[in-house]
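A quick write-up on the structure given underneath.
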Amino acid sequence: MANQIAPSEFPHFSGLPLELRDQIWLESLNPQPGPALYFYKKGCWHPRTLTESEPGYYAEDPELNLFLEFRYSMLNDAILDAPIFHVNREARRVAKRWFREHGIEIRHRNDVAEPIFVRSFAPEHDALYVAPEQLHDFICEPIDRSFEPDFLNRTFSFMPHCERIALSNALLQEQPKALSEIFEMTYTPSVVLIIFGLQPDQSFVDDGMNVQRCWEFRTVREEALTWNRKRGAFELMEGGERKEEGSLITSETRKELASTLIEGQVDDFELWPAFAMRQ
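The numbers in UniProt numbering rise by one with no breaks, and the one at position 22 of the sequence shown is 22.
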């Protein structure tokens, strides 16, 4: 009787052309990492002085070039799974190339032989997730930080750099004024994601290694709201057409936020419903 081959084995794989084998290895990886959620953590606000080559530099009085900025680089990185890295040398070569193309770092640990693979926060598409229990710290930290010794009796400005913030839908239901409070302090996000359903959890967060589990998100364009400053109201953006405001947020939240945006003369702001997915 002929020997049976386990379904997971493919004895002729090594005989395939190299280009085809590489493509097969590549297909086993996520073709394109999606936008991710990174957990807010305290300690990311730090002073920075503008240099002469930067926009906004004040040459007449260098003391006015001090900023308190939020540094994304201090957030925990997200860990990715890449099982093919450990299969063989050929698969490892393909994985390394994929890592380079997507800005993924191979990080080695002293206590474990196998490395981990991490991706850092990318401001152009990732979002800062603020858990309900973190909201107070998130809002108050920049103000509290400005009263520490290195800022006392000094003139400075805030540089939030928080373009995308993510909050849970439950939080906004319980605290209708939460969005307004964020804008009233130092933050001026251009997009706020409202996360429905499964929420990112911090069950695996290693501050010692500066890593967290990778949570990606997907948005729902059909229910997105965009701020119309001329009208002083939100509009539902669906299929590129602007319609009357929808039910993404409660009327109380909408009223509070609209008042804050008008007072702050905010031109561009969007609210997007989204869903989190653990990778």
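Quick reminder that beta carbons are idealized off the backbone N, C-alpha and C, glycines included.
>> Against chain B, with Cβ distances strictly below 8 Å, would Thr-155 count as a contact?
In response: You won't find chain B in this structure, because it holds only one protein chain.
> For the alpha helix (DSSP H) that contains Asn-173, what are its first and last residues?
Replying inline: Note that residue 173 corresponds to Gln in the displayed sequence, not to Asn. Start and end: 169-174.
> Would you call the CB atoms of His-86 and Pro-33 closer than 8 Å?
Replying inline: no
> Counting along the chain, where does the beta strand (DSSP E) carrying Ser-157 start and finish?
Replying inline: 157-159
> Phe-217 and Ala-131 look like a contact to me (Cβ under 8 Å); what is the Cβ gap, rounded to whole Å?
Replying inline: No, Phe-217 and Ala-131 are not in contact; Cβ-Cβ is about 14 Å, not under 8 Å.
> Mind checking whether Pro-115 and Ile-104 have CB atoms under 8 Å apart?
Replying inline: no
> For Asn-76, is the classification buried or exposed, using 16 other Cβ atoms within 10 angstroms of its Cβ as the cut-off for buried?
Replying inline: buried
> By DSSP, does Thr-105 sit in helix, in strand, or in coil?
Replying inline: A quick correction: the sequence has Glu, not Thr, at residue 105. Of the three classes helix, strand and coil, the one that applies to Glu-105 here is strand, per DSSP.
> Does DSSP classify Arg-119 as helix, strand or coil?
Replying inline: strand
> How about Leu-50 and Gly-56: do their beta carbons lie closer than 8 Å?
Replying inline: yes
> Below 8 Å between beta carbons: does that hold for Phe-138 and Tyr-40?
Replying inline: yes
> Alpha carbon to alpha carbon, what distance is there between Pro-200 and Pro-17?
Replying inline: 42 Å
>> Can you tell me whether Thr-253 is helix, strand or coil according to DSSP?
In response: helix
> Between the segment 53-71 and the segment 194-213, are three or more C-beta pairs nearer than 8 Å?
Replying inline: no
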